[in-house]
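Those sequence lines, one after another, are chains A and B.
Heads up, the first sequence stops at 150 in this note's numbering, and the numbers go up one at a time, no gaps.
Heads up, the second sequence stops at 300 in this note's numbering, and the numbers go up one at a time, no gaps.
All residues carry an ideal CB built from backbone N, CA and C; glycine is no exception.
See structure below.
There are 2 protein chains.
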Amino acid sequence: MQNSGYTIRSMAERCGMTAHTLRYYERVGLIQPVGRAHNGHRRYSDADEAWIHFLHCMRATSMPIREMQRYAELRELGDATSLERRKILEDHQAGIAAQIVELQQAHALLTHKIANYKKIEERIRIDRPALHAPEVVCELESAGELESVG
Amino acid sequence: MQNSGYTIRSMAERCGMTAHTLRYYERVGLIQPVGRAHNGHRRYSDADEAWIHFLHCMRATSMPIREMQRYAELRELGDATSLERRKILEDHQAGIAAQIVELQQAHALLTHKIANYKKIEERIRIDRPALHAPEVVCELESAGELESVG
DNA sequence: CCTTGACTTTGAGCGCGCTCAAAGATGTAC
DNA sequence: GTACATCTTTGAGCGCGCTCAAAGTCAAGG
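This is the structure we're talking about:
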């Protein structure tokens with residue numbers, strides 16, 4: 001068909017995935033059969049790139065392949081499926097919002113625990129001034145104490 | 151040993167996981183062999199719960215089991231491993247920060263695309279006033295146009 | 001002509017993190 | 001006594017999302 005466009009390799013690089021994954025996505029219907037050069041090699045267009053970027057973005061935020069397949073199918077059917085597709089995106093966006101909250105909580109917990117470790121390290125430095133025998137372990141607190149923070 | 155403490159079932163509920171997963175975590179060394187009632191059933195303490203909550207939090211933010219195992223091993227060795235453990239947590243926290251950025255970008259992209267879908271739906275409503283034949287599809291824009299947003 | 005390299009296809013394999021099946025022990029209720 | 005629920009163990013199975021192996025085609029370079 002066409003000899004212009006991105007090779008599978010360069011498209012994979014541009015989108016931060018492997019050529020394997022691009023072929024896999026085409027196999028499972030996430031990407032429509034893409035244009036080919038005269039030798040049968042895939043040639044990706046800019047429109048393909050935009051779509052693949054979108055796919056990557058959804059995957060990177062944990063949308064299951066199944067749901068992406070459903071979305072891709074609806075997309076093939078045209079604007080009449082707008083509402084359905086919008087629902088998918090809204091649901092996923094809500095999931096993302098929840099994920100962000102969870103990540104922020106974990107981030108805060110880690111800040112707390114890391115500060116606690118710094119304290120422990122400080123105490124060790126005081127209790128063992130200029131002493132470096134790794135066998136001598138200070139039992140400053142129970143193994144579980146740090147976990148009672150979160 | 152003891153007959154007080156949480157059953158595996160209640161602990162699973164408290165921590166938002168299944169009893170299967172709790173046993174699995176114990177098998178792979180994420181949880182130290184826990185106390186037992188006289189009949190051999192597991193009994194979890196509050197200290198266990200704090201640790202399990204922490205495990206759950208790390209898993210929920212995509213820390214691999216392998217890394218959690220490493221952390222758990224170091225924890226068993228006591229305060230001498232503080233620095234190493236802190237490094238694990240700091241690395242994971244950095245990963246979380248990156249994840250949050252990625253999620254926020256995806257969230258913004260979805261806001262944009264959802265708005266676009268609303269426009270399309272509005273146009274359909276105008277072009278087909280009070281007409282509800284699902285076969286009549288308005289080809290308002292190419293299938294790929296929406297993807298060129300991101 | 002022959003090698004090299006980038007691609008093609010199909011189908012199989014893999015790592016992760018559970019998840020479950022099977023068979024058995026124990027405690028409570030009727 | 002006997003049903004029922006809840007737990008125990010071990011080892012196998014599974015769903016997801018790739019990832020790769022094998023064998024083949026084609027074009028360019030030496």
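Inter-stretch contact (C-beta, 8 Å, three-pair minimum) for the stretch 97-106 of chain A and the stretch 239-253 of chain B
yes
N-terminal and C-terminal residue of the alpha helix (DSSP H) that A/S82 is part of
Position 82 of the first sequence holds residue 82 of chain A. Counting along the chain, the alpha helix (DSSP H) containing A/S82 begins and ends at S82 to D127.
Enumerate, from N- to C-terminal direction, the unbroken beta strand (DSSP E) stretches of 3 or more residues contained entirely within the stretch 8-76 of chain A.
none
Do A/V28 and A/Y44 have their C-beta atoms within less than 9 Å of each other?
Your numbering for residue 28 of chain A matches position 28 in the first sequence. Your numbering for residue 44 of chain A matches position 44 in the first sequence. Against a cut-off of 9 Å, the Cβ pair of A/Y44 and A/V28 comes out as no contact.
Given B/A258 as reference, the closest of A/C57, A/S4 and A/W51 once Cα atoms are compared
On the second sequence, position 108 is the one that residue 258 of chain B refers to. With distances taken between Cα atoms, B/A258 lies closest to A/C57.
Could you run through the stretch 242-254 of chain B and flag, in chain order, every residue whose CB is less than 8 Å away from some CB of chain A?
H242, Q243, I246, A247, Q249, I250, E252, L253 and Q254
Neighbouring residues, chain A, relative to B/A210 (Cβ below 8 Å):
Against the second sequence, residue 210 of chain B aligns to sequence position 60. E102 and A106, listed in chain order.
Please list, in chain order, the chain B residues whose beta carbon lies closer than 8 Å to that of A/E121.
Position 121 of the first sequence, counted from the start, is the residue given in the question as residue 121 of chain A. Here the neighbours are S232, L233 and R236.
So with CB distances below 8 Å, who are the chain A contacts of B/L239?
Taking the second sequence and counting its residues from 1, the one referred to as residue 239 of chain B is at position 89. Going along chain A in sequence order, the residues near B/L239 (Cβ under 8 Å) are L110, K113, I114 and Y117.
Just the chain A side, please: which residues come within less than 7 Å of B/I215 by C-beta, in chain order?
Sequence index remark: in the second sequence, residue 215 of chain B carries index 65 (1-based). The contacting residues do not exist; B/I215 stays about 16 Å from chain A at best.
So with CB distances below 7 Å, who are the chain A contacts of B/I181?
Looking up residue 181 of chain B in the second sequence gives position 31. Simply none; closest approach about 11 Å.
Spatial neighbours of A/I31 within its chain, please: CB distance less than 6 Å, with the 5 preceding and 5 following residues excluded, ordered by chain position.
Sequence index remark: in the first sequence, residue 31 of chain A carries index 31 (1-based). Result list for A/I31: Y25, in chain order.
What's the C-alpha gap between A/M156 and A/I124?
Since the first residue of chain A shown is 1 and the last is 150, residue 156 of chain A is not available in this structure.
List, in chain order, every chain B residue whose beta-carbon is nearer than 8 Å to that of A/I126.
Within the first sequence, residue 126 of chain A is the residue found at index 126, counting from 1. Near A/I126 there are no residues of chain B at all, since even the closest Cβ is about 13 Å away, more than 8 Å.
Buried or exposed: where does B/A162 fall if 16 or more other Cβ atoms within 10 Å of its Cβ makes it buried?
Mapped onto the second sequence, residue 162 of chain B falls at position 12. B/A162 is buried by the Cβ-count criterion.
Flag this pair as touching only if the stretch 83-91 of chain A and the stretch 48-57 of chain A have three or more C-beta atom pairs under 8 Å; answer yes or no.
no
Can you tell me the Cβ-Cβ gap for B/E272 and A/L83, rounded? I've got them flagged as a contact below 8 Å.
On the second sequence, residue 272 of chain B is found 122 positions in, with the first residue counted as 1. On the first sequence, residue 83 of chain A is found 83 positions in, with the first residue counted as 1. The pair is not a contact, with the Cβ atoms about 12 Å apart (cut-off 8 Å).
Considering Cα atoms alone, identify which of A/I114, A/R128 and A/G5 is closest to A/H41.
Position 41 of the first sequence, counting from 1, holds the residue named residue 41 of chain A. Closest by alpha carbon: A/G5.
Classify A/D46: buried if its beta carbon has 16 or more other beta carbons within 10 angstroms, exposed otherwise.
For the purposes of this step, residue 46 of chain A is taken as residue 46 along the first sequence, with counting starting at 1. Exposed, since its Cβ has fewer than 16 Cβ neighbours within 10 Å.
Verify whether the separation of the beta carbon atoms of B/I264 and A/R70 is less than 9 Å.
The residue you call residue 264 of chain B lines up with position 114 of the second sequence. The residue you call residue 70 of chain A lines up with position 70 of the first sequence. No; because the gap between Cβ atoms is not below 9 Å, this pair is not in contact.
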